[in-house]
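Presented below is the structure to which this report refers.
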Amino acid sequence: MRFYADLHIHSRYSRATSRDMSPETLWRWAQLKGITVVGTGDFTHPVWFKELQEKLEPAGNGLYRLRRHVTSEQVFPSCRAEVFFTLSAEISCIYRKWDRTRKVHALVLAPDFDAAYRINIALSKIGNLSSDGRPILGLDAEHLLQIVLNVSPEAMLIPAHVWTPHFSVFGSESGFDSLEECFGELTPHIYAIETGLSSDPPMNWRVPALDRLTLVSNSDCHSASRIGREATVFDTDVSHAAIMQAIRTRKGYAGTIEFFPEEGKYHIDGHRACSVSLLPKETIRHNYLCPMCGKPVTVGVCHRVEKLAGREEGYRPKHAAPFRSLIPLQELIAEALDAGVATKKVQTTYFSLLEACGNELSILLRVPLEDIEAAVSRPRIAMAIDAMRRGEVHIAPGYDGEYGKIRVFEKVAPPEKKGQEVLF
């Protein structure tokens with residue numbers, strides 16, 4: 560069975576997260592988006608862990624389902640589908656190694672509540688798990704991996720959003736130049752990396768050391784409406800064991816759904832305070848300093864990939880899995896209607912389209928354009944989806960925590976301040 564999984568999300572107990580992130584809301588939005596398996600996020604948080612135990616029950620496949628579904632009327636008949644949960648958490652490891660402060664985020668997947676509980680017991684001896692849904696621990700990432708391996712052979716650690724500057728294994732600000740530097744002798748137990756919003760598979764294919772790894776994508780969302788903005792595609796049984804086996808061996812792994820990476824917050828270099836974004840060659844020319852104020856710029860994902868790459872741009876490994884780059888449907892509708900994403904007009908059109916044509920991923924990928932146009936009588940929406948499917952987009956890349964701007968009908972307005980560069 561071919562299905563989509565979003566294994567990395569957050570609960571309402573993580574900082575800067577929507578208060579509506581409950582199991583019921585995740586269940587509803589997973590159906591609206593077309594996600595079959597969704598991570599619970601934050602199983603390390605004691606209150607969230609208790610809520611998950613109360614509201615989820617074993618589904619008989621190593622995954623979980625809601626004990627009591629919300630009323631089916633909250634999901635359009637065209638979108639209704641079974642949703643499974645897998646226990647997931649993100650850990651922020653901040654520690655000293657080799658005379659540098661390291662900040663590495665890791666996604667942990669547990670096979671059941673017993674394994675998650677034992678991971679929590681071990682981590683609670685190191686730091687306060689109640690302070691944040693994504694706990695910050697003074698814990699070496701290699702030690703975290705050892706804890707996960709000791710708990711269960713069916714648990715897994717995946718380095719999260721591996722290229723982002725500040726909190727990742729390859730980050731320019733606090734990361735490493737190789738997985739071996741971070742995880743030492745345990746590196747063979749790393750089977751996958753999460754590409755993150757600011758990189759895509761072609762960028763990762765340039766680094767030979769990553770060839771053995773499965774590239775997974777997840778939303779890392781802080782609000783339910785962003786579930787599935789990135790996802791991993793599987794073609795296997797819907798079970799925890801099958802998902803883990805597919806990640807380890809790539810048998811049953813069918814690729815990823817991606818952002819256009821330029822839309823990610825850290826795609827290129829820059830200094831947000833001065834509205835300055837730079838390509839790697841410009842950063843080097845300015846000696847890694849902002850040309851406006853002279854302060855250090857944040858080195859983005861493109862620059863970091865270029866530094867570690869052993870291959871030219873455009874290289875594609877043999878047997879590389881396919882991927883698709885998408886723009887969230889609400890953003891496409893907003894541009895087509897020349898209105899804000901949060902406006903009533905855009906929201907009404909979005910839900911009308913889901914009701915008529917099915918879940919968001921199916922609309923973005925497969926639903927015939929004539930059906931989309933007929934559903935909402937908005938030709939420009941079908942035109943926008945068609946342009947996105949063909950990759951005909953205009954992008955001002957994200958930098959230094961600022962999301963990129965992406966358009967399908969017209970070029971992105973040029974930056975106002977000197978020093979910024981726009982990619983089309």
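With my numbering as the guide, the letters of the sequence shown map in order to residues 560 to 983.
Don't be surprised by glycine CBs; every beta carbon is placed ideally from N, CA and C.
Own chain residues within Cβ distance below 8 Å of residue i, not counting five before or after
i, result
"Q590", "V634, C638, R639, A640, V642, N918"
"L912", "L888, I892, I922, I931, A934, V935, I940"
"R627", "K614"
"V926", "C916, G917"
"S782", "T576, S577, D579, M580"
"H748", "L704, L708, L716, F742"
"G873", "P761"
"R875", "P761, W764"
"R966", "E894, V952, H953, I954"
"T908", "I892, L896, V935, R937, I940"
"R574", "D691, G692, R693"
"N679", "F602, T603, P605, F608, L688"
Contacts around residue i, its chain only, beta-carbon distance under 6 Å, and the 5 residues preceding and following it disregarded
i, result
"T815", "S776, T791, F882"
"D828", "L837, T842, V856, V858, G859, H862"
"L646", "T599, F602, A669, A675"
"L756", "F818, G823"
"A618", "R624, F643"
"P795", "In the sequence as presented, Pro is not what sits at residue 795; that position holds Thr. Result list for T795: A801, A805, G811, in chain order."
Nearest-angstrom Cβ-Cβ length linking residue i and residue j, presumed shorter than 8 Å
i, j, result
"S651", "F726", "6 Å"
"I806", "M715", "7 Å"
"W719", "L668", "This sequence places Ala at residue 719; Trp is not what is there. Rounded, the Cβ-Cβ distance is 11 Å, inconsistent with contact."
"R765", "A880", "Rounded, the Cβ-Cβ distance is 16 Å, inconsistent with contact."
"L688", "T603", "5 Å"
"F793", "F608", "Not a contact, Cβ separation roughly 26 Å."
"G734", "Y825", "Not quite, the Cβ-Cβ distance comes to about 12 Å (not below 8 Å), so this is no contact."
"E732", "P724", "5 Å"
Residue i classed as buried or exposed, judged by whether at least 16 other C-beta atoms fall within 10 angstroms
i, result
"E951", "exposed"
"A955", "buried"
"F983", "Only weak support exists for where F983 lies, its pLDDT of 29 falling under 50; the value from the coordinates is given anyway. Result: exposed."
"E649", "buried"
"A895", "buried"
"D673", "exposed"
"C606", "In the sequence as displayed, the identity of residue 606 is Val instead of Cys. Exposed."
"K662", "buried"
"T599", "buried"
"T754", "buried"
"N1005", "Outside the modelled stretch of the chain, which goes from 560 to 983, sits residue 1005, for which no answer is possible."
"I594", "buried"
"C852", "exposed"
"D779", "buried"
"R587", "buried"
"E871", "exposed"
"P850", "buried"
"L885", "buried"
Residue i - DSSP class collapsed to helix/strand/coil
i, result
"E961", "strand"
"D673", "helix"
"L772", "coil"
"L888", "helix"
"P881", "coil"
"C638", "coil"
"T645", "strand"
"Y909", "helix"
"L871", "The residue you asked about is not Leu; residue 871 is Glu in the sequence shown. DSSP places E871 in coil when its eight states are reduced to three."
"G743", "helix"
"F562", "strand"
"A790", "strand"
"M715", "strand"
"S731", "coil"
"F608", "helix"
"K684", "coil"
"P760", "helix"
"S570", "coil"
"V766", "coil"
"S921", "helix"
"R748", "Note that residue 748 corresponds to His in the displayed sequence, not to Arg. DSSP places H748 in helix when its eight states are reduced to three."
"K854", "coil"
"C916", "helix"
"L622", "coil"
"P724", "coil"
"K656", "strand"
Own chain, CB closer than 7 Å to residue i, minus 5 neighbours either side, in chain order
i, result
"V597", "D565, I568, L585, A589, V642, F644, I786"
"T773", "Y750, A751, I806, R809, Y812"
"E865", "P839"
"K592", "I786, G787, N918, E919, L920"
8 Å Cβ cutoff, residue i in contact with chain D
i, result
"A898", "No chain D is present in this structure, which holds just one protein chain."
Is the segment 819 to 832 close to the segment 796 to 808, with three or more CB pairs under 8 Å? no
With contact counted as at least three CB pairs below 8 Å, one residue from each stretch, are the segment 687 to 696 and the segment 563 to 581 in contact? yes
Using 8 Å as the cut-off, can you tell me whether the segment 695 to 705 makes contact with the segment 651 to 663, which would need three or more C-beta pairs spanning the two stretches below that distance? yes
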